Amino acid sequence: MQHTPALNYPDLEETVNNLASADLPAWQTVGLAGPRGQQVTWFIGGTLPNWAGTPLALALVLEENNAYLAQSIGQAVLRAALYPASSALSSTAFR
-4 MQHTPALNYP
6 DLEETVNNLA
16 SADLPAWQTV
26 GLAGPRGQQV
36 TWFIGGTLPN
46 WAGTPLALAL
56 VLEENNAYLA
66 QSIGQAVLRA
76 ALYPASSALS
86 STAFR
């Protein structure tokens, strides 16, 4: 089966590498949106292009201003999806 990229952006690989996680074969970023008092924090991430398994992507939104929590949850979900046998996704991971 031939691999054909859905999108072709010349700077995509460089961008993904700049957002790469230090401890996961994934890229990630966190952001904040909305007016003061109604802010949401978002996390997006996905597997790197050289990931040998099924490509994965994740989008997460918290209805609060909490980048640390969004990143913690996002990384835990990605880790559990990438390494299901060795990851235990539990509420204690977010305390």
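Read the sequence shown against the numbering used here and you will find it ends at 90, with the numbers running on by one and no gaps. Ideal placement from N, C-alpha and C gives every residue a C-beta, glycine not left out. These figures come from a predicted structure and were not determined experimentally.
Cβ atoms of Gly69 and Gln34 stay farther apart than 8 Å, at about 17 Å. Annotation for Ala54: the continuous beta strand (DSSP E) segment containing it runs Ala52 to Leu57. A residue is called buried once 16 or more other Cβ atoms fall within 10 Å of its Cβ, and Gly48, having fewer, is exposed. Less than 8 Å separates the beta-carbon of Leu43 from that of Ala21.
In this chain, Ala17 is not harboured by any beta strand (DSSP E), its DSSP state being neither H nor E.
Exposed is the label assigned to Thr10, since fewer than 16 other Cβ atoms lie within 10 Å of its Cβ. With respect to the 8 Å criterion, Trp37 and Ala65 are classified as neighbours on the basis of their beta carbons.
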